[in-house]
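In the UniProt record's numbering, the protein residues as written are 1 to 70.
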C-alpha cells in the first residue's frame, strides 16, 4: 500500500461592491478573481509540485448575493 501526502494552498482576491439595503442587510456583487494555487504531492518514491496563477475578469463569473450581519 502506497503512502501519500498532499499539501495544498490557495489565496485569491475577488473585486466587487457591497450596497447596504437596510440596517444589517447588504447586497453584494463581484466579478472575476485573481488567485494563486500551490499543490505538493509526495508518494514513497515520487514528488510532484505545481504552482499556478489565475486571472479572470469575464461576466461568466459575475455573482450577486445578499447577506445579513448579526
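For every residue, glycine included, the Cβ atom is placed at its ideal position computed from N, Cα and C.
- Residue 38: member of the beta strand (DSSP E) spanning 33–43, first to last residue.
- Nearest C-alpha to residue 11 among 60, 35, 50 and 51: 35.
- The continuous beta strand (DSSP E) containing residue 64 extends over residues 62–68.
- For residue 14, the three-state secondary structure derived from DSSP is coil.
- Here residue 58 carries a coil assignment [DSSP, helix/strand/coil].
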